[in-house]
Amino acid sequence: MYDHLETAQNPSNLKRVVIDPVSRVEGHGKVTLLLDENNKVQQARLHIVEFRGFEKFIQGRPYWELPVLVQRLCGICPVSHHLAAAKAIDQLVGIDTDNLPPAADKLRRLLHFGQVLQSHALHFFHLSSPDLLFGFESEISKRSIVAVLENYPEIGLQGVKLRKYGQEVIRMVSGKRVHGTAALPGGMNKPLSKQERDYLLEDIDQIITWSQAAVDLIKKVHTSNLPFYDQFATIRSNYLGLVKPNGALELYHGGIRAKNQHGETLLDHFDYCDYNAIIHEEVRSWSYMKFPYLTAFGKQNGWYRVGPLARVNNCDFIDTPLAEIARIQFKQHSDEAMVHSTLAFHWARLIEALHCAESIKTLLYDPDLLSNDLVAQGEKRYEGIGVIEAPRGTLFHHYQVDENDIVTKANLIVSTTSNNTAMNESVRQVAAEYLSGHELTEPLLNNIEVAIRAYDPCLSCATHAVGKMPLQLELIDAEGQLVDQLTRHSNGEFVRESA
Amino acid sequence: MIQPILLLGYGNPSRGDDAVGPLLLEAIAEQIDPTQIELITDFQLQIEHALDMQHRQLVLFIDASVACKTGFSFSELQPAKDNSYSTHAISPAAVLDVYKTITKQSPPASFLLTIQAQQFELGTGLSELTAHYFKTACELVIQLLKQPQFNAWRTLVTK
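Listed in order, the protein sequences are those of chains Z and R.
First residue of the first sequence? That's 3 in this note's numbering, and the numbers climb one at a time after it.
First residue of the second sequence? That's 1061 in this note's numbering, and the numbers climb one at a time after it.
Next comes the structure, spelled out in structure tokens:
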């Protein structure tokens, strides 16, 4: 644990370094480091500096607008918000997820697999592979997907096409690449046509092959430098996510499972509609993003990680054959019950991408997708809760409506918020182990960003604000004087201005 | 059959003036020949949009811009490595550069229409200023689509 670095004893006498915003994440985050006169890190924090206002935006709207409205939260995972809201709204019209018509359930799952596949491809190939293939401290001009396309053209192009395929799945199911209107209260608005299904089937074998190659690539990258990858930004945490009733990996609907760092089960098959009974969100003065934890274990021991690493760690198996082989190899690489390496998020993410590709193929051969029996009806309720596993982790949508169907209360816990404590802990670990005592340079500071990026945080989801500010690194001496300043403008250009 | 002309309007429809690109495509959707013109909207540009440009003759990107101070601006695009690759959203010039990298060919003739924007608050509509220039921008796009040739578009470039 590095929580002693959350708050320095005498911050007024320390140098401050700011990374603002953190790049290659969605939204606006800022890291501040406080250093003493020997450049030893005394405090490290990931801040969210914009206020979250999305719940307020939702209140006062009729509930049936929500599945479309919430997609506008984020440009990266609109479908996740669409489906979580849809599940909550199913309950408002008296339909529990298990009672959805089979065609609607399967169409939503297909949509979700497409979404997770494209999001994971974006994250790995576009945003993280430059660090992993060229090195965390390589020249900044090399750390981009274009450099990957130039130096590893086959890998780069496969990444582009994997993302494109996931988006085609979304387009076929929802009619649009973004802002589709696929889910309705109690079901879906259209089946897949035979032509749409055949179009998606044309490329699916290639997509599975590329997804498998991506798993092989990250396994090779991770294991070829195993001590470093297993240690960098690594923290020991609890893990939380949904699982199927039989314990298999689940992305769309299941019960909550939580395990501790030793792999012991803390909660299993817990009904997510009672999430308020097990999760508390702590507010800290220095960040707008809350810090959720499992109430029963307190804020010191109850914080947890969500997302691919949590899901692949928590499940008993994966019910698609290639991803299950990959999961077994993933678990075997560690000598602990749980894989704690933060960089292993990338490995787990690509195992899930492979699972999505395999699951898409299975679903495309299911005749239910072509059925017109798409909507169920029930008795009106005044409260609805929808939870899914979004690409970055467990996503909670909770709404209350009045007798006129107007939303009176909304609460969203997004995946990035659940990972808030963990991201801060990883930032502190990297600051203490790799930065402390060194002269700070941009490549060295990229180590901090690599740690945050492994979680694939979506800060615009967490804060509901799009960051437009440039990155600014300021070095301030012990007397508070600015001695050096490095600015990254919004177009990515760096300018150094020494005092 | 891939339509020879692509219009790509991007921005978040729930964030005030950021919606102007997608709104423009919505406004002209009934007035175009869908066999010749494809309209694509998205939240932001990413490198896979390079694949949408394949087999096109003309591409028009439409976006909101706080940098634009003249109401709207219409310019010709060239591929450029402009460092926007390190973010979730890349520039149109960077998309063209990706096109060159992955296809080993020059991208189709491409233009950018930006419309002056000033506010991006969640849940707000277009500002008065942007709504005003939106109408003029729609007229320009209709004019462009009546003469879908590179040279004709080039004569209308404002900078």
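In this text, a Cβ means the ideal position worked out from N, Cα and C, and glycines have one as well.
Check	Outcome
For a test of the three-state rule: what should DSSP assign to isoleucine 258 of chain Z, helix, strand or coil?	strand
From the beta carbon of isoleucine 1107 of chain R, is the nearest beta carbon of chain Z less than 7 angstroms away?	yes
Where does serine 1133 of chain R sit, in a helix, a strand or coil, going by DSSP?	strand
Give a yes or no on whether 7 angstroms exceeds the smallest Cβ distance from isoleucine 1122 of chain R to chain Z.	no
Hey, alanine 46 of chain Z and serine 239 of chain Z are a contact pair by Cβ (cut 8 angstroms); roughly how many whole angstroms apart?	In fact, because the Cβ distance is near 17 angstroms, the residues do not count as touching under 8 angstroms.
Roughly how many angstroms lie between the CA atoms of alanine 350 of chain Z and asparagine 1072 of chain R, to the nearest whole one?	30 angstroms
Quick one, which residues of the stretch 151-173 of chain Z are near chain R if we go by CB-CB under 8 angstroms, in chain order?	Leu151, Glu152, Pro155, Gly158, Leu159, Val162, Lys163, Arg165, Lys166, Gln169
Going by Cα to Cα distance, which pick from Z:Pro445, Z:Asn426, Z:Lys333, Z:Asp458 is closest to threonine 9 of chain Z?	Z:Asn426
Whose Cβ in chain Z lies nearer than 7 angstroms to the Cβ of threonine 1161 of chain R?	Val148, Leu151, Glu152
Ordered along the chain, which non-local residues of its own chain (more than five positions away) have a Cβ less than 8 angstroms from that of lysine 1141 of chain R?	Ala1154, Asp1157
Ends of the beta strand (DSSP E) at threonine 1101 of chain R?	1097-1102
Beta-carbon within less than 7 angstroms of alanine 433 of chain Z's beta-carbon, same chain only, minus the 5 sequence neighbours each way: which residues are those?	Leu7, Leu35, Val43, Ala46, Ile450
Quick check on DSSP: helix, strand or coil for alanine 1089 of chain R?	helix
Measuring straight from C-alpha to C-alpha, what distance separates alanine 215 of chain Z and asparagine 315 of chain Z?	21 angstroms
Which residue from R:Leu1066, R:Gln1096, R:Phe1210, R:Ala1089 puts its Cα closest to that of cysteine 1198 of chain R?	R:Ala1089
From which residue to which residue does the alpha helix (DSSP H) around glycine 161 of chain Z run?	155-176
If we define contact as Cβ-Cβ less than 7 angstroms, is asparagine 1211 of chain R a contact residue for chain Z?	no
In chain Z, what lies closer than 9 angstroms to aspartate 1077 of chain R by C-beta?	Within chain Z, no residue comes near aspartate 1077 of chain R; the closest Cβ sits about 12 angstroms away, beyond 9 angstroms.
Would you check if the distance between the CB atom of glutamine 120 of chain Z and the CB atom of glutamine 73 of chain Z is smaller than 7 angstroms?	no
With respect to the alpha helix (DSSP H) encompassing tyrosine 436 of chain Z, which residues constitute its N-terminal and C-terminal limits?	From DSSP, tyrosine 436 of chain Z is part of no alpha helix (DSSP H); its letter is neither H nor E.
Measure from the alpha carbon of isoleucine 60 of chain Z to the alpha carbon of each residue in R:Gln1209, R:Gly1183, R:Gln1203, then state which is nearest.	R:Gly1183
Check each residue of the stretch 1169-1183 of chain R: if its Cβ is closer than 8 angstroms to any Cβ of chain Z, include it; give the result in chain order.	Phe1180, Leu1182, Gly1183
For phenylalanine 59 of chain Z and chain R, any beta-carbon pair shorter than 7 angstroms?	yes
What did DSSP end up calling histidine 122 of chain Z once you bin it into helix, strand or coil?	helix
Helix, strand or coil for alanine 235 of chain Z, going by three-state DSSP, please let me know.	coil
Are there three or more Cβ pairs, one per stretch, closer than 8 angstroms when the stretch 274-284 of chain Z is compared with the stretch 343-357 of chain Z?	no
Among the candidates Z:Leu397, Z:Glu441, Z:His49, whose CA atom is the shortest distance from the CA of histidine 84 of chain Z?	Z:Leu397
Can you tell me where the alpha helix (DSSP H) holding leucine 1200 of chain R begins and where it ends?	1188-1206
Mind listing the chain R neighbours of phenylalanine 126 of chain Z? Cutoff is C-beta to C-beta under 8 angstroms, in chain order.	Residues of chain R passing the Cβ test: none, with the nearest at roughly 13 angstroms.
Taking 7 angstroms as the CB-CB limit, is leucine 1156 of chain R close to chain Z?	no
Can you pull the chain Z neighbours of proline 1139 of chain R, defined as C-beta to C-beta under 9 angstroms?	Those do not exist, as proline 1139 of chain R stays about 11 angstroms from chain Z at its closest Cβ, beyond 9 angstroms.
Given that arginine 74 of chain Z touches chain R, what residues does it touch there, using C-beta distances under 7 angstroms?	Asn1072, Pro1073, Ser1074
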